[in-house]
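Q: In the numbering used here, the protein residues as written are 1 to 292.
Quick one: the structure is below, and I'll ask about it shortly.
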Ligand SMILES: [Zn+2]
Ligand SMILES: [Zn+2]
């Protein structure tokens with residue numbers, strides 16, 4: 001049926017409005033206020049709260065009250081979770097903005113599986129904040145040098161990247177670096193994403209024991225440009241930190257290639273109890289494991 005002139009005018013007007021003003025929030029469908037580069041409403045961004053509680057100074061695992069009490073009484077130096085106390089990770093510190101749940105989880109999945117690239121904007125800005133935190137030694141941890149580092153995003157296997165069209169960790173890292181520059185921060189980081197390759201596809205990490213996860217990732221990464229990382233501080237960026245198996249393996253390979261120290265920053269993090277619950281048989285969570 002033909003549209004009346006009034007209807008036609010309305011359609012044209014609506015098209016103009018959606019062109020010049022963004023429509024609905026891509027997460028909750030609510031209205032977007034103001035014109036920005038993000039496709040999320042303020043409410044959804046506010047829901048991405050920083051991880052609360054006392055965290056392990058090395059890996060960022062949440063410490064329970066008993067753990068904190070024990071550490072305060074018997075531990076010396078920074079507060080650590082017991083795995084980090086027993087076997088210190090190859091990387092210096094891993095930091096994450098939030099917990100991988102609720103809105104954070106929804107947005108991360110939107111970025112990776114629904115390929116909504118614009119979600120990388122707000123998430124990348126949160127990543128910038130957490131990177132800034134690496135520069136101070138608060139909590140007894142060590143601080144990353146602000147002016148000599150390179151950033152390497154955890155690479156995807158070629159076929160997977162082709163299928164997805166992008167590497168979400170590269171998008172996040174690039175937004176974060178841009179944000180740090182925009183804020184005029186003291187950080188002088190350069191990207192070196194091409195320095196490392198994922199040389200084989202790793203089967204799903206789902207349901208594997210910690211040892212199984214490590215073996216699954218052995219030999220999966222290779223530094224193809226050692227000159228880019230040798231003698232430097234390397235900041236490894238990923239979307240999620242789940243068991244830390246990916247971070248540890250990448251850090252090992254980077255250190256072997258001569259990296260001075262390796263730091264890890266992710267947008268979100270799963271806590272051990274969540275990982276245990278997923279392993280206990282929620283197959284719907286399988287998608288999480290391709291991140292490691
Ligand atoms: Zn929203
Ligand atoms: Zn720890």
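Glycine is no exception: its CB is placed at the ideal position from the N, C-alpha and C atoms.
Should residue 78 be counted as a contact of ligand 2 given a C-beta to heavy atom distance under 7 Å?
A: Position 78 of the chain shown, counting from 1, holds the residue named residue 78. No, ligand 2 has no heavy atom inside 7 Å of this Cβ.
Q: Beta-carbon distances below 6 Å to any heavy atom of ligand 1 define the shell here; list its residues in chain order, please.
A: Result (chain order): 25, 27, 28, 30, 40, 41, 43 and 44.
Q: Can you give me the C-alpha to C-alpha distance between residue 250 and residue 91, rounded to a whole angstrom?
A: For the purposes of this step, residue 250 is identified with residue 250 of the chain shown, where counting begins at 1. For the purposes of this step, residue 91 is identified with residue 91 of the chain shown, where counting begins at 1. Approximately 9 Å, taken between the alpha carbons.
Q: Roughly how many angstroms lie between the CA atoms of residue 182 and residue 217, to the nearest whole one?
A: Looking up residue 182 in the chain shown gives position 182. Looking up residue 217 in the chain shown gives position 217. Computed Cα separation, rounded: 36 Å.
Q: Once the 5 residues before and after residue 188 are set aside, which same chain residues still bring their CB inside 8 Å of it?
A: As a first step, residue 188 is located in the chain shown; it is residue number 188 there, counting from the start. 146, 147, 148 and 149, listed in sequence order.
Q: DSSP puts residue 149 in a beta bridge; with which residues?
A: Here the question's residue 149 lines up with position 149 in the chain shown. Residue 149 pairs with 233.
Q: When DSSP builds the beta bridges, which residues end up paired with residue 99?
A: The sequence position of residue 99 within the chain shown is 99, counting from 1. Per DSSP, 269.
Q: Less than 7 Å separating the Cβ of residue 83 from some heavy atom of ligand 2?
A: In the chain shown, the residue the question calls residue 83 occupies position 83. Answer for residue 83: yes, Cβ within range of ligand 2.
Q: Quick one: Cα of residue 228 to Cα of residue 269, how far?
A: The sequence position of residue 228 within the chain shown is 228, counting from 1. The sequence position of residue 269 within the chain shown is 269, counting from 1. Taken atom to atom, the span from the alpha-carbon of residue 228 to that of residue 269 is near 28 Å.
Q: Quick one: does the C-beta of residue 61 sit closer than 7 Å to a heavy atom of ligand 2?
A: In the chain shown, the residue the question calls residue 61 occupies position 61. Answer for residue 61: yes, Cβ within range of ligand 2.
Q: Excluding the five sequence neighbours on either side, which residues of its own chain have a C-beta within less than 7 Å of the C-beta of residue 115, listed in chain order?
A: In the chain shown, the residue the question calls residue 115 occupies position 115. 164 and 165.
Q: Grab the span of the beta strand (DSSP E) containing residue 196 for me, first residue to last.
A: Locating residue 196 in the chain shown gives position 196, where the first residue counts as 1. Counting along the chain, the beta strand (DSSP E) containing residue 196 begins and ends at 196-198.
Q: How is residue 91 classed by DSSP in three states: helix, strand or coil?
A: Translated into the one-based positions of the chain shown, residue 91 becomes position 91. Note: residue 91 maps to coil in three-state DSSP.
Q: Among 196, 100 and 110, which has the Cα closest to the Cα of residue 252?
A: Here the question's residue 252 lines up with position 252 in the chain shown. Nearest C-alpha to residue 252: 196.
Q: If you pair each beta-carbon of the segment 61-69 with each one of the segment 152-162, do three or more pairs fall below 8 Å?
A: no
Q: Which same chain residues end up closer than 7 Å to residue 284 when comparing Cβ atoms and leaving out the 5 residues on each side of it in sequence?
A: Here residue 284 refers to the residue found at position 284 when the chain shown is read from its first residue. With a pLDDT of only 44 at residue 284, under 50, the local geometry of the prediction cannot be trusted, and no value is derived from it.
Q: Rounding to the nearest angstrom, what Cα-Cα distance links residue 300 and residue 279 in this structure?
A: What is shown of the chain runs 1 to 292, which leaves residue 300 out entirely.
Q: With a 10 Å radius around its C-beta and 16 neighbouring C-beta atoms as the bar for buried, classify residue 124 as buried or exposed.
A: The count along the chain shown starts at 1 and reaches residue 124 at position 124. Buried: at least 16 other Cβ atoms inside 10 Å.
Q: Is the number of C-beta pairs between the segment 72-79 and the segment 99-108 that are closer than 8 Å three or more?
A: no
Q: Do residue 97 and residue 134 have their C-beta atoms within less than 8 Å of each other?
A: Residue numbering aside, residue 97 sits at position 97 when the chain shown is read from its first letter. Residue numbering aside, residue 134 sits at position 134 when the chain shown is read from its first letter. No, Cβ-Cβ distance for residue 97 and residue 134 is not below 8 Å.
Q: Grab the span of the alpha helix (DSSP H) containing residue 74 for me, first residue to last.
A: What you label residue 74 is simply residue 74 of the chain shown in a count that begins at 1. Its alpha helix (DSSP H) spans residues 65-74.
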